[in-house]
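Protein chains in written order, with my numbering: chain A, 1 to 118; chain B, 1 to 419.
Here it is as structure tokens:
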């Protein structure tokens with residue numbers, strides 16, 4: 001079963017963290033990703049550019065309406081994602097627990113991928 | 001076959017349904033990997049039992065017979081449906097290939113399945129009300145109507161919660177397993193919380209169909225016993241002790257008119273001695289593990305009360321000490337309030353009142369009726385009648401529960417008249 005881990009974080013808070021601490025988090029992240037590649041869990045994933053670079057598209061009366069910014073105004077923004085292969089939800093949650101931005105106050109949403117009829 | 005014999009078999013099957021259906025279901029869920037399919041299969045197996053046992057007699061191990069029959073019924077049902085959904089046929093074939101292997105459901109595996117079922121129903125990925133509904137339905141076998149009545153909601157609401165929870169278990173692949181040792185403390189907490197919630201619903205609610213709610217306390221104790229038998233963790237033992245000690249006072253807690261009787265006015269000869277003895281034995285077992293937590297500590301407090309012949313002869317110093325440990329393990333304003341009341345019993349009402357006033361000043365308890373009624377009681381004992389009156393009235397304004405309102409009104413009327 002595949003799960004998408006969506007890592008959310010308060011971008012403004014991230015900017016305020018001292019450089020050395022940020023480097024440490026990114027190093028831990030690198031180690032974790034290497035582990036997950038080795039164990040065969042990691043299928044895909046990436047860090048995203050800041051949410052200020054986002055555009056959101058909706059359709060109004062059949063016409064595309066393009067707006068600036070992420071789809072919802074929230075305190076936390078989607079900062080990256082990982083697609084992982086796991087046996088069940090508990091294993092996926094176990095991996096999500098190891099994400100190094102969590103102790104800094106971020107959150108990770110874990111969602112099973114719907115592979116109906118594939 | 002005479003009609004009498006057919007009735008006999010039906011009676012026997014009913015008995016076995018009551019005693020074994022939850023174990024059969026738990027194992028079928030593991031074997032079939034699907035809650036709904038397992039439930040259907042179990043019901044088909046019981047229907048088959050009535051027919052077949054009439055002809056052939058009751059098998060030596062009815063639970064094993066029901067599991068095996070249920071499994072084949074499920075395979076049949078999937079094959080029938082495979083005409084519409086080819087993937088079911090494949091799953092049915094895979095299940096059928098494994099179906100003759102009975103090694104996976106010896107007595108021990110079946111008991112493990114019950115524990116798996118408890119943990120799956122209380123999985124933290126499920127909403128808390130869904131955990132309760134699912135546990136009562138799947139582990140305890142209560143009907144949707146019974147659960148709805150107990151929690152003052154409607155059967156369709158309960159049914160919807162259960163359906164949603166089952167869908168989530170299926171879609172998110174929530175595992176059917178007992179968590180690993182590393183995860184156990186967190187996950188066990190959820191299970192204990194659900195059991196205690198069920199108990200409290202049966203214990204403290206005074207509205208609604210009281211009979212069903214009384215059954216809920218019994219159901220929670222039964223669940224607690226099951227958990228202790230399968231997983232003798234200190235906090236599971238502590239929770240069972242706590243429930244038994246609280247339940248032991250049931251007969252003394254309310255008057256014939258349904259009015260609340262506080263601990264110090266209770267007729268202690270009405271306390272259930274067997275439950276107290278068992279509770280105390282379990283508390284000692286939990287505490288001696290040195291890995292105890294809040295449930296064991298609350299049980300220890302209940303045990304000190306249970307051992308005392310009267311309020312005056314209660315070991316209040318020990319109770320204060322236990323509340324202090326509890327504050328370190330799980331600090332909360334309500335526990336601080338209970339500690340203050342215990343201090344009042346040990347050192348006199350003035351000492352208690354100073355603590356209660358400090359707690360009220362912090363603000364967390366401002367809308368908690370028991371904080372105001374505790375304050376009222378301490379003022380009354382100090383002869384500060386006007387303050388007592390104001391606090392009783394404040395408490396009265398904050399509670400809707402009938403028995404508690406009547407208690408507060410009585411206390412108010414007993415205060416000496418204004419000078």
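Yeah, the Cβ is synthetic: ideal placement off N, Cα and C, and Gly gets one too.
Because the structure is a prediction, the values reported are computed rather than measured.
Using the rule of at least 16 other Cβ atoms within 10 Å of the residue's Cβ for burial, across every protein chain shown, is residue i buried or exposed?
| i | result |
| --- | --- |
| residue 247/B | buried |
| residue 73/B | buried |
| residue 298/B | buried |
| residue 332/B | exposed |
| residue 207/B | The predicted model places residue 207/B with a pLDDT of 48, which falls under 50 and marks its position as unreliable, so this point remains unresolved. |
| residue 84/B | exposed |
| residue 277/B | exposed |
| residue 58/A | exposed |
| residue 51/B | exposed |
| residue 181/B | exposed |
| residue 484/B | Nothing about residue 484/B can be reported from this structure: the residues present for chain B run from 1 to 419 only. |
| residue 78/B | buried |
| residue 156/B | exposed |
| residue 275/B | buried |
| residue 293/B | buried |
| residue 6/B | exposed |
| residue 50/A | exposed |
| residue 233/B | buried |
| residue 201/B | buried |
Going along the chain, which residues of its own chain have a beta-carbon closer than 6 Å to the beta-carbon of residue i, five neighbours each way excluded?
| i | result |
| --- | --- |
| residue 81/B | 88 |
| residue 136/B | 142, 147 |
| residue 49/B | 13 |
| residue 104/A | none |
| residue 123/B | 174 |
| residue 209/B | Caution applies to residue 209/B, whose pLDDT of 44 falls short of 50 and renders its modelled position unreliable; the model cannot decide the point. |
| residue 236/B | 227, 228 |
| residue 211/B | Per-residue confidence for residue 211/B stands at a pLDDT of 47, beneath the threshold of 50, marking its modelled position as unreliable; no derived number is given. |
| residue 99/B | 71 |
Grab me the residues of residue i's own chain with a C-beta within less than 7 Å of its C-beta, minus the 5 sequence neighbours each way, in chain order.
| i | result |
| --- | --- |
| residue 243/B | 199, 220, 221, 224 |
| residue 319/B | 301, 304, 342 |
| residue 415/B | 380, 385, 388, 389 |
| residue 68/A | 55 |
| residue 121/B | 131, 134, 135, 138, 139 |
Within a Cβ cutoff of 8 Å, which residues of the same chain sit near residue i, ignoring the five residues on either side of it in sequence?
| i | result |
| --- | --- |
| residue 327/B | 335, 336, 339 |
| residue 252/B | 261, 266, 267, 268, 270, 271 |
| residue 170/B | 34, 35 |
| residue 10/A | 75, 76, 77, 105, 106 |
Using the beta-carbon of each residue, which ones in chain A are nearer than 7 Å to residue i?
| i | result |
| --- | --- |
| residue 171/B | 112 |
| residue 125/B | 89 |
Which chain A residues sit within Cβ distance under 9 Å of residue i?
| i | result |
| --- | --- |
| residue 175/B | 87, 88, 89, 90, 91 |
Given that residue i touches chain B, what residues does it touch there, using C-beta distances under 8 Å?
| i | result |
| --- | --- |
| residue 1/A | 173 |
key: the stretch 37-44 of chain A / the stretch 58-78 of chain A touching (three or more Cβ pairs under 8 Å)   = no
task = Could you say if the stretch 78-87 of chain A and the stretch 5-19 of chain A meet the contact criterion of at least three C-beta pairs nearer than 8 Å?
result = yes
ask   = Is there contact between the stretch 88-99 of chain A and the stretch 129-139 of chain B, where contact requires at least three CB pairs shorter than 8 Å?
value = no
ask   = Going along the chain, which unbroken runs of the alpha helix (DSSP H) with 4 or more residues stay wholly within the stretch 123-210 of chain B?
value = 128-134, 144-150, 155-171, 184-204
ask   = Counting pairs of beta carbons, one from the stretch 26-36 of chain B and one from the stretch 165-179 of chain B, are three or more of them closer than 8 Å?
value = yes
inquiry  = When you compare the stretch 18-33 of chain B with the stretch 105-119 of chain B, are there three or more beta-carbon pairs, one atom per stretch, that lie closer than 8 Å?
reply    = yes
request  = Check whether the stretch 401-411 of chain B touches the stretch 254-263 of chain B, taking contact to mean three or more Cβ pairs, one atom from each stretch, closer than 8 Å.
outcome  = yes
Those runs of the alpha helix (DSSP H) which lie wholly inside the stretch 252-331 of chain B and span at least 4 residues = 273-288, 294-307, 316-329
4 or more residues per run - each alpha helix (DSSP H) lying fully within the stretch 55-110 of chain A = 89-96
request  = Starting from the N-terminal side, write out each stretch of the beta strand (DSSP E) that is 3 residues or longer and does not extend beyond the stretch 33-93 of chain B.
outcome  = none
ask   = Quick one: complete alpha helix (DSSP H) runs, 4+ long, within the stretch 17-61 of chain A?
value = 19-38
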